[in-house]
Amino acid sequence: MEIYLVGGAVRDGRLGIPVKDHDWVVVGATPETMKKKGYRQVGADFPVFLHPKTGEEYALARTERKQGRGYHGFTVYSAPDVTLEEDLNRRDLTINAMAEREDGTLVDPFNGLTDLEQKTLRHVSDAFAEDPLRILRTARFAARFHPLGFTICPQTMTLMRDMIGDGELEHLVPERVWQEIQRALHEKSPGVFFQVLQELGALAILAPELADTECFEAGLQALQCISVQNSSSAQRFAALLSAVPEHKASALAKAMKSPNECRDLTRLTCLFAERFSIDTGTPLPAKAVLELFDQADLWRRPERFEQLLETLICTPHKTHAEPLRLAARSATGVSPQELLNQGFKGKELGTAIRNERLMRITQVLTP
Ligand code: CTP
56 MEIYLVGGAV RDGRLGIPVK DHDWVVVGAT PETMKKKGYR QVGADFPVFL
106 HPKTGEEYAL ARTERKQGRG YHGFTVYSAP DVTLEEDLNR RDLTINAMAE
156 REDGTLVDPF NGLTDLEQKT LRHVSDAFAE DPLRILRTAR FAARFHPLGF
206 TICPQTMTLM RDMIGDGELE HLVPERVWQE IQRALHEKSP GVFFQVLQEL
256 GALAILAPEL ADTECFEAGL QALQCISVQN SSSAQRFAAL LSAVPEHKAS
306 ALAKAMKSPN ECRDLTRLTC LFAERFSIDT GTPLPAKAVL ELFDQADLWR
356 RPERFEQLLE TLICTPHKTH AEPLRLAARS ATGVSPQELL NQGFKGKELG
406 TAIRNERLMR ITQVLTP
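Position one of the sequence shown corresponds to residue 56 (the numbering used here), numbered consecutively onward.
Rendered as structure tokens:
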């Protein structure tokens, strides 16, 4: 049996960037030989094994053919007669379809190295079209390698457009789409991911609320600003959707099955952007600010409120962030205990807390 290093490790090694994990392909072996050698099989019907010592993944060479539409319905064929080239042929991009022998020499039947040198993202074969997730993966690699000068080659763009025209994206489950989006948000140039999808017409299908040109351009700018900071996925996602009307942004975040923190921060960011006009020099209305604090549950979630402010700084509303921070600091200083000691209780106590908070906010916001 022969063992080859494949995929991301070969690509990143040749690019001279740190290799995260090593994936291996085994040619000429059966599950029985692997188990005899001490490898542990993972997944019942899938020929992937874990190395007894390193825990790295060793997959038996396989071919995959799609039967149904969308992401389901793959027939996997794995046997000792499947060649390395056949295994590489089923992969997405040429730069991901190179292999290395144990002595470090390259096996590169699809000219991945040339594409790596020419900074081109190119599909390996027509088999690319069998997996619509690859449209998102390709956009994500474009976002990752954009600072290095990589672009997607025209033929691959055409192929992806055809796939989208065939309705392939509609078969992706929201969880898989979200997983790619979440990863894309943390790539080096996250905006490029969404630009590629916009150019392909994929955004209009996956996130129509965002595809509107004005919302999209404003969102890209906000995302660019927040992504150069050490920001969370929630902040990046909220920044991207910051110019979308709140009800639409919230509906999209829910439909995408994004995690609660992403949904909440998106809702708050869009609520704020919708309610308060871009700085006109007039102070923010104290009552509306108190309402926002309540909606953001500033009282119990001060760290999330801080995340909201950091996100707002990346939108056209940035000048409001500092007054809001000061108002929040002052309003959270209201002590229910003191008001209790003064004799307020029940409903009256609630009103007294609210009045005190409102007074403090007004004080801070009045020039
Ligand atoms: N692959 C593919 N099509 C997919 C998923 C994966 O062809 N839908 C292939 C590619 O050859 C890829 C390899 O499987 O290189 C491993 O996939 P994965 O670990 O997801 O990607 P990496 O290329 O290792 O990239 P990353 O650095 O993001 O882990």
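Using N, Cα and C, we set each Cβ at its ideal position, and we do this for glycine too. Quantities reported herein were computed from a predicted structural model and do not represent experimental measurements.
Just tell me which of the options has its CA closest to the CA of residue i.
i	options	result
P209	E254, I260 and L191	E254
V103	Q250, P86 and L420	P86
I260	T160, G220, Q279 and S313	G220
L168	N151, D181 and K92	N151
Y59	S180, A84, I72 and G71	A84
G110	A298, R95 and I333	R95
A376	S286, E157 and L364	L364
T130	V61, E329, T138 and R120	R120
S244	V232, A266 and Q284	Q284
A262	E185, L295 and V80	L295
V228	R216, L191, D67 and V251	L191
F165	A182, A184 and L143	L143
K215	K108, A184 and E155	A quick correction: the sequence has Met, not Lys, at residue 215. Minimum Cα distance to M215 is reached at A184.
L381	K75, S288, C270 and I416	I416
T160	V65, R359 and A273	V65
E346	L379, G401 and P135	L379
L265	A306, G401 and F205	A306
K92	R69, M56 and S288	M56
H226	I207, E242, A257 and H241	A257
T206	R384, A182, Q250 and A304	Q250
D181	D217, D136 and P202	D217
S288	C325, T268, R330 and E242	E242
C325	V74, A308 and T88	A308
E140	P357, I236 and G62	G62
R156	Q418, R359, A114 and V81	V81
P118	P135, R238, G401 and M153	Note on residue identity: the sequence assigns Thr, not Pro, to residue 118. Per the Cα distances, P135.
Q418	W79, L339, G222 and D267	L339
L409	M89, V344, L105 and F271	Looking at the sequence shown, residue 409 is not Leu but Arg. It is V344 whose Cα lies nearest to the Cα of R409.
T237	E316, F271 and L224	The amino acid at residue 237 is misidentified as Thr; the sequence shows Gln. Checked all of E316, F271 and L224; the closest Cα to Q237 is E316.
In the DSSP output, which residue or residues are listed as bridge partners for residue i?
i	result
V131	E119
D112	Per the sequence shown, the amino acid found at residue 112 is Glu instead of Asp. DSSP, once it has assigned bridges, lists D78 and L105 as partnering E112.
L345	Paired residues: none, contrary to the question.
I416	The partner list for I416 (beta bridge, DSSP) is empty, contrary to what the question assumes.
L161	E155
R95	L105
I58	V81
L252	None; L252 has no bridge partner.
L148	H178
Buried or exposed for residue i, going by 16 or more other Cβ atoms inside 10 Å?
i	result
F327	buried
E361	exposed
P187	buried
R189	buried
H302	exposed
D147	buried
Q397	exposed
S332	exposed
A116	buried
V299	buried
S337	Looking at the sequence provided, one finds Thr at residue 337 rather than Ser. Flag for T337 reads exposed.
L395	exposed
F101	exposed
R355	exposed
I72	exposed
G246	buried
Q290	buried
T138	exposed
R412	buried
D170	buried
S286	buried
E269	exposed
S297	buried
L203	exposed
A341	buried
T374	exposed
R384	exposed
S390	exposed
D163	buried
T213	exposed
* Would you be able to state if there are at least three C-beta pairs under 8 angstroms between the region 367-376 and the region 274-292? => Below 8 angstroms, enough C-beta pairs join the region 274-292 and the region 367-376 to call them touching: three or more.
* To do: Mind the definition here: the region 167-185 touches the region 197-206 only if three or more C-beta pairs lie below 8 angstroms; say whether that holds.
  => Using a C-beta cut-off of 8 angstroms, the region 167-185 makes contact with the region 197-206, since at least three inter-stretch Cβ pairs fall below that distance.
* Asked: Per the contact definition of three or more C-beta pairs closer than 8 angstroms, is the region 218-233 in contact with the region 309-327?
  -> Counting Cβ pairs under 8 angstroms, three or more are found: they touch.
* To do: Mind listing, in chain order, the continuous alpha helix (DSSP H) runs of no fewer than 4 residues lying wholly within the region 271-327?
  => For the region 271-327, the full-length alpha helix (DSSP H) segments reaching 4 residues or more read 288-295 and 301-310 along the chain.
* Fully enclosed by the region 151-234, which alpha helix (DSSP H) runs are 4 residues long or longer? -> With a minimum length of 4 residues, the continuous alpha helix (DSSP H) runs that stay inside the region 151-234 are 167-172, 188-200 and 209-220.
* Fully enclosed by the region 384-414, which beta strand (DSSP E) runs are 3 residues long or longer? -> Scanning the region 384-414 from its first residue to its last, no whole beta strand (DSSP E) run of 3-plus residues comes out.
* Asked: How about the region 315-325 and the region 402-412: do they share at least three Cβ pairs that are nearer than 8 angstroms?
  -> The region 315-325 is not in contact with the region 402-412.
* To do: Could you tell me which uninterrupted alpha helix (DSSP H) segments, each at least 4 residues in length, are contained entirely in the region 347-386, listed from first to last along the chain?
  => Qualifying alpha helix (DSSP H) stretches, in chain order: 357-367 and 376-386.
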